[in-house]
Every structure is written in structure tokens, then in C-alpha cells.
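Read the structure below first, then the notes.
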Amino acid sequence: MKKHIFFTLVLLISGLARADLVIEIDKGSRAAIPVAVVPFANESGQPLAEDIGQIVTEDLKRSGDIEPLDRTKMLSIPSKAEEIYFRDWGLLGQRYLLVGGVQYDAPSQVYKVRYELYNVQSQQRVIGKIISGKSEQLRDLGHAIADAVYEAVTGIRGVFSTRIAYVTLEKSGSKNIYKLEVADADGRRSKLVYKSAMPIISPAWSPDGKKLAYVSFESQRPAIYVQDVASGVRTQVTSYKGLNSAPTWSPDGSKLAVTLSKDGNAELYVLDLRNNSLKRLTNHWAIDTEASWSPDGRTIAFTSDRGGGPQIYLMDASGGSPRRLTFEGRYNSRPRFSVDGKKVYYVHQRDGSFNVASLDLESGQDQILTQTEMDESPSVAPNGSMIIYATQKNGKGVLAVVGVNSGSKYTLPAQFGDVREPAWSPYISR
Amino acid sequence: MDSPGNQPKSGYIGPALFSVILHLGIAGLAFLGWSAHTPPTPVVPHMQAMVIDAETLKQMTKPQPKPAVKKEEPKREEEQKKQQDQEKQRQEELKRQEQAKQEAERKAAAEKKREQEAIALKKKQEEERKKKEEEKRQEDEKRKAEEKKQAEEKRKAEEERKKKEAERKKKEEEKRLAEQKQKELERQMKEAREKKRQEELKKAEELKMAQEAAEYERRLQEQLEAESSAQRQQRELTEVEKYKALIYSSLVQAWLQPPGEIKGLKAELQLQLLPTGELLSVKVVKSSGNSAFDQSAIGAANAVRKYSVPSDPSLFNREFRNVTIIFSPK
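If you read the protein sequences in the order shown, they are chains L and U.
Numbered by numbering that gives the first Met the number 0, the letters in the first sequence go through residues 0 to 429 in order.
Numbered by numbering that gives the first Met the number 0, the letters in the second sequence go through residues 0 to 329 in order.
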């Protein structure tokens, strides 16, 4: 009788315990996610001008958030679902597997690229699509696939199809040639936008990714121009006496924040492009320059030496009294808002070297992101995951990229002469 | 061919006939002489009938006695003389006949001899010819036999060669088949060995698991016997906490968080585990709304090779068969 009661109790307790055991996982690794990008099968019947799998691999690798598997470690080269042994890829520690193939439609001269991303563990297809383009668009297709994979794996939109603008300086004899160029985000396929014997500085992309604002000294003194990248059509927007510099676009693309010294001192102004009206923002004896609009367009960060040395300040976009943001070190300049508006990236000097740093606006916590010596001109990728900046390598300016989350870095191929002032484009709608 | 005896027979006919005619002629003449006493009558028809051949006629006409009518005396004398002549003539004739006969006989003998010689020669020649033919035939036969023998030998040699070739081919085929068989055998043996090895491994694994289970069961029984129900509950609670902590730490290690801002995201997964600690299934019960985040959680749940679960079957069934995992980064 006693035993019976005991068992009943046990059963009752068990019944109550039927609710699943719950375990909460509140942390994990922020390491790069392993993704195997299998070389794409060439089903086109002819040699391909580009190795699409390689383009995807390099794009993903540069992000720092994804660690593509070395091709030499692959046990098999599947190109479709039925050829995949998920166990193998699991044993290689892969979380995702990208397979695909390239076909060619001769009459239309169009390549069709099929890609499929699998979750290795669950063996489920995460994404799969067929995209197409002509021979000269194979790189675009590769970047598009990298974008899709990056987004599927990280939840963040990829920026591999975006572009970068930069200025190069070539010295031939006593003559200088300045070139404003635009290239793919990986530095390939560069195209000339504007060329001059006089300096070109501070290129800035319009929010729609179609125009570039920059400063050119072609008329012996600085003037600000806006140029349509596709058509090449240029418009001079300011040519005031003295300094005309550091243009940046308002998020809606209707205004430019510029630095002018027409009133005797370098001050911030807002130029309304719709009516060419000019509004003065700062009024101080010190230099105020290098404005950056917050993503919501309500705040402007800028550099000012009103505190005795260059520091970052914040002010209302409609004017008002600035608030000093940086206090660490004697030199902080060239601010750029993060995409989410929660951080500001800038150049920070410490121990004689200039590096890109970030400052969390809420907590005030700063962090140095780069370690090379002469890092300057940070520009944030439109997804906020990477920052491109100019640095020095072997006495020449080169472009480098740092992963905001991963801290991974890479240098763009130094196919250019002396490179400086990079500007990462917004997403470009095709 | 004429028989050799025919010729001499016909050879006799001539002389015999001649002798008969001669006698008849003589008798005729005698008759004529006597008829002269008879009145003269024309006798021409008789004469005419007497002529047989030219030779006989000549002989008969030559000594034609003149029919003369003489005095008796002379007539007899003449008669006698005539008779003597006739006798003489007959004797001569006989003699001549005898000579002719002898001559004929001699001739016949010579002829016969000649014929016999010819026959002998012919026979000899015939024999010679036959002999030669025989020799030739024998020679031919010999030659033919020789040729036949050679042909036979050649045929035999060819047969021998063919036989050898066939044997060689057969041997090669046999060798090839044997090699193939050997290879197949080796492969089968290898497979069998591998299969056996796998089976042994499996068996060993099963045995180990059975032993472990038995060991655990034994210990459990010991514990059950040793402890009170209250103690047991306390122990189980501790066990649950222990295994929860172990699962937590393996998932924290396995979870590769997506980059970017994930604070505030929350995904709820339900895991079905096996007593071996293997994951039977995983499903997202509540999505975070961020696909990459959900995928990373699924990836983490799947990436744990073996979950730490209690080996007490009842405790496992109660607490660890179904586990809810909430991925919620701080």
C-alpha cells in the first residue's frame, strides 16, 4: 500500500515535469562562420572569363565575418544537391555549403549562374537562385551571389556589389596627375571619373549612389563639384573665395554640408542643392570642418580645434551649440557616422600613429580598430560591417578595409599609384 | 589375230588342186588317143573343156603328139615311147611335185619358224613392255606412296602445330581466368575482412554499451537500495543541473553568432535527444525573426556531436529526451 502511494507520487511528479527542460544560451562565439564555397561547375561548354566561386570566396573572406574553406581541403566538388555528402562537410567544421554551376545560352550570349546555399547541419537549402548576365557581368554575378550568401549567413545585407571612389596621384617627371576613380568594392574594374593636373580631394557619394561631390583645384583655387558618375556631367556647386572643401551629403541627398572660409574663417555651411541657398552652421574663430550627417539627418558630427587641438564635436543639423565628443588623445578628426547612427568612426592619434577608432555614442566607449601608422579617411560600407580607409605601405598610399565586427583587415590590390581618400558607395540599385 | 595353223592349210590347197588337174589331164589325153580309131568326130568341145589354166595348157600343148596313122609296128613302138615319155614326164612331175612339196614344206617350216620367232619376239617384246609397264606402275605407285606419305606428314605436322597453338591458347586463357579469379577472390576476401572488421567494431561497441548500461544499472540498483527516495530526488536534481550545465557549455562553444547587432534577438528551438546523447531532431519553435540568427542557432544545435545526458534511463526520459533551447544573447 505504501509502495503504491509512492509510485503515484512519482507519476504525478513526472507528469508535472513533462514540461521540457529549458536551457538558455546567452552567449556564443563571434568567430567567423565557416562556409564552404565549392568551385562552380562550368556547364557552359566554353572557358569562363571569371572564376565565380573564387570571386564569391574572396568577397566573403574580405568581410571577416565568414571564413571560406580552403579549396584544397575539400573532399569533393559537388555542384548540386544529390552530389553533396553533408557528413563530410560537417566533419570539416563547415556550417554552410555553397554549390552552383554556370550555363551559357549561345543565342542570347547570356550566362546563367545557379547557386544553392545549404545549412550543413540541418542539410536544408537556405537559398537557391538562378541569375544571369553577359560575359562582362560575370563579376557582378559573383558579387551578387556573395551578397546573397553573406545576408543569408549573417542576416546583414552584403556590400560586395557596391563600389568605392578614391583619388590616385601619379607623378610623371615634374607633372602630377590626379585621378578620381571608381572601382568595384574589391578594387577591381576601376574606371576614371575625372582627371586633373591639380589636386582632387574629398570625394563623397550621393545617397542614391549616382553622383560624386568632390573638391577640385583645377581653377587654381578649390571649388566643389558634383559629377554624375554614369554620364560624366559635372556641375560646380561652390566657388567661394577662400576655402571650399569637405562636402558631405545629407541622407536625403538634397543638401551638402561644406566647409567655406568666405567669411574669413573655416566654418560649416549647408548648401541646399535644390535652390543653392547657403546656411551657416558654425560661428567660431577656430576651424570647423569635415561634417558628417547622422543617418536620420538630425545630427552633424564635425572636426573643430576650438578646444586647442582637433577634436570631434556633435551639433544639431539645424545649428546650435556643439557638444564635444572625444577627449581621449590630442588629435581626433574626420568623423563618420555608423550606419545605425550609434557610433562615430574617426581618426585618432596615439603614440605618434594615426588610426581609425570608433566611439559608442551611448556609452562613450572608444575602440581603436586599425594598427597601421598613417591611417586616414575612414568611410563606412553601407551595411556598416566594414570600413575602408587609406594607409601607407612602402611609402605609398594604399586602401585597406577593416571588419567592424571581426576586426579582420585586408589591403586592396595596389594596382594604383598612390591612393588616398576612399569613399564607399551606398547600395547601388541596378 | 589369225591362228598360226591356218596359213599352212591354205598353202596346201594350190599344189593339191594342181596335182588333181594334172592327173585328169593325163587321163583325158589317153582317152583322146584312143578315140582316133574312132571315126573322126568333132572333138573341139572336149578340148575346150580341158583347159584349166595357162600353165597346164602350155605343158599339155607342147608335147602334143601328132596323131599319125602308121603301120602297126611303128605305131606300138611309138606308143611305148610315148608311154615312157609320159612316165618320165610323170616321174619328173612327181619329182618336181615332191620338190615343190619339200620346198613348200621347207618354206612352211621356215615360215613357221619365222612365225614362231616373230611370235617369240612379239611375246618377248610384249613381256618386255609388260615388264616396263609393271616397273612404271610400281614406280608410280612408289612415287604416289611417297607423295602420299609426305602429304600425310605435312598434314600431321600442321595438325600438331594447330594442336600446340590451341593448347597454348587454352593455357593462356586458363592463366588469365586463374588470375582473374585470384583477384576476385582477393577482393572478396578484402571485403569480407573489412566487413568482419566493421562487424567486430560494431559488436565491440555494442558490447561496450551493453556493459556500460549493465554497469550503470548495477550502480543504480546499488544506489537505489542505498538511498531513500528523498535522497534520490535530491541526487536527481543535482544530476539534472549538472547535465544542463554541460549542455549549456557545449552549445555556447558551438554557437557561432552572426555578426552585427543581435542583442534582443531570441530563438526557441526544440531538441529531441537519444539516450546516447545524439541529436534526433531539431526544430525552431519560435523564430527570432532574423533568418541568419535562426540558422546560426540550428547550426549550433546540430554542431554538438554528443550531448551530455544522464545515463539513468528514467531520468533521461523524464528530463532530457526533449529539451528546449533558447538562444538569447545578452
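Built from N, CA and C at the ideal position, the CB exists for glycine as well.
Asked	Found
I'd like to know if residue 153 of chain L contacts chain U, where contact means its C-beta is closer than 7 Å to some C-beta of that chain.	yes
Does the distance from the C-beta atom of residue 153 of chain L to that of residue 258 of chain U stay below 7 Å?	yes
Whether or not the region 56-74 of chain L and the region 25-33 of chain L are in contact is what I'm after, with contact meaning three or more pairs of Cβ atoms, one per stretch, closer than 8 Å; do they touch?	yes
Going along chain U, which residues have a C-beta under 7 Å from residue 23 of chain L?	325 and 327
Within the region 190-274 of chain L, note down every full beta strand (DSSP E) run reaching 3 residues or more, in order along the chain.	190-195, 199-204, 210-215, 222-227, 233-237, 243-248, 254-259 and 266-271
By the criterion of Cβ-Cβ separation under 7 Å, what are the contact partners of residue 256 of chain U in chain L?	27, 28 and 29
For a quick check, are the C-beta atoms of residue 374 of chain L and residue 354 of chain L less than 7 Å apart?	yes
Do residue 166 of chain L and residue 333 of chain L have their C-beta atoms closer together than 7 Å?	no
What does residue 170 of chain U touch in chain C if you count any residue whose Cβ is under 7 Å from its own?	Absence of chain C from the displayed structure is noted, the protein chains being L and U.
In the DSSP assignment, the alpha helix (DSSP H) including residue 378 of chain L goes from what residue to what residue?	Segment 375-379 is the beta strand (DSSP E) holding residue 378 of chain L; no alpha helix (DSSP H) there.
By how many angstroms is the C-alpha of residue 103 of chain U removed from the C-alpha of residue 67 of chain U?	The pLDDT assigned to residue 67 of chain U is 48, lower than 50, so where the model puts this residue is not dependable, and the model offers no usable value.
Under the assumption that residue 132 of chain L contacts residue 51 of chain L (Cβ atoms under 8 Å), give the Cβ distance between them as a whole number of angstroms.	Contact doesn't hold; Cβ gap of about 11 Å is too wide.
In terms of DSSP beta bridges, what is residue 268 of chain U paired with?	U:283 and U:324
Roughly how many angstroms separate the alpha carbons of residue 234 of chain L and residue 224 of chain L, rounded to a whole number?	5 Å
Which term fits residue 84 of chain L, buried or exposed, when burial requires 16 or more other beta carbons within 10 angstroms of its beta carbon?	exposed
Relative to the C-alpha of residue 24 of chain L, which residue among U:254, U:231, U:186 and U:76 is closest?	U:254
Along chain U, which residues have their Cβ under 7 Å away from the Cβ of residue 94 of chain L?	255 and 298
Quick one: grab the DSSP three-state call for residue 427 of chain L.	coil
Short of 7 Å in beta carbon distance, which residues of its chain neighbour residue 254 of chain L, apart from the five on each side in sequence? Order them along the chain.	269, 270, 271 and 272
Please classify residue 32 of chain U as buried or exposed, where buried requires at least 16 other C-beta atoms within 10 Å of its C-beta.	In this prediction, residue 32 of chain U has a pLDDT of 49, which is less than 50 and means its spatial position is unreliable; nothing more can be read from the coordinates.
Check the Cβ of residue 334 of chain U against every Cβ in chain L and list those closer than 9 Å, keeping chain order.	This structure leaves residue 334 of chain U out entirely; chain U is present only between 0 and 329.
Taking the alpha-carbon positions, what's the residue 35 of chain U to residue 78 of chain U distance?	Bear in mind that the predicted position of residue 35 of chain U carries a pLDDT of just 46, short of 50, making it unreliable; the figure below should be weighed with that in mind. Their Cα atoms are separated by approximately 13 Å.
Out of L:360, L:329, L:92 and L:123, which one is the CA nearest neighbour of residue 252 of chain U?	L:92
Which residue from L:388, L:115, L:57 and L:312 puts its Cα closest to that of residue 78 of chain L?	L:115
Relative to the alpha-carbon of residue 241 of chain U, which residue among U:281, U:214, U:315 and U:98 has its alpha-carbon at the smallest distance?	U:315
Grab me the residues of residue 146 of chain L's own chain with a C-beta within less than 6 Å of its C-beta, minus the 5 sequence neighbours each way, in chain order.	157, 159 and 160
Using the beta-carbon of each residue, which ones in chain U are nearer than 8 Å to residue 366 of chain L?	None at all; the shortest Cβ gap to chain U is about 15 Å.
Does residue 121 of chain L have its Cβ less than 7 Å from a Cβ in chain U?	yes
In its own chain, which residues sit with a C-beta less than 7 Å from the C-beta of residue 312 of chain U, not counting the 5 before and 5 after it?	274
Quick check: what's the CA-CA separation for residue 432 of chain L versus residue 426 of chain L?	Here chain L covers residues 0 to 429 and nothing more, so residue 432 of chain L does not appear.
Express the C-alpha separation of residue 274 of chain L and residue 59 of chain L in angstroms, rounding to a whole number.	43 Å
Output needed for residue 327 of chain U: all residues of its chain with C-beta closer than 6 Å, excluding positions within five of it in sequence on either side, in chain order.	265
Under a Cβ-count criterion, where at least 16 other Cβ atoms within 10 Å of its own Cβ denotes burial, should residue 214 of chain L be classed as buried or exposed?	buried
Determine whether the beta carbon atoms of residue 316 of chain L and residue 298 of chain L lie at a separation below 7 Å.	yes
Which one of L:118, L:207, L:267 and L:138 has the shortest CA to CA distance from residue 291 of chain U?	L:118
At a cut-off of 6 Å, is residue 404 of chain L close to the ligand NAP when judged by its beta-carbon and the heavy atoms of the ligand?	Here there are no bound small molecules, and the ligand NAP is not part of this structure.
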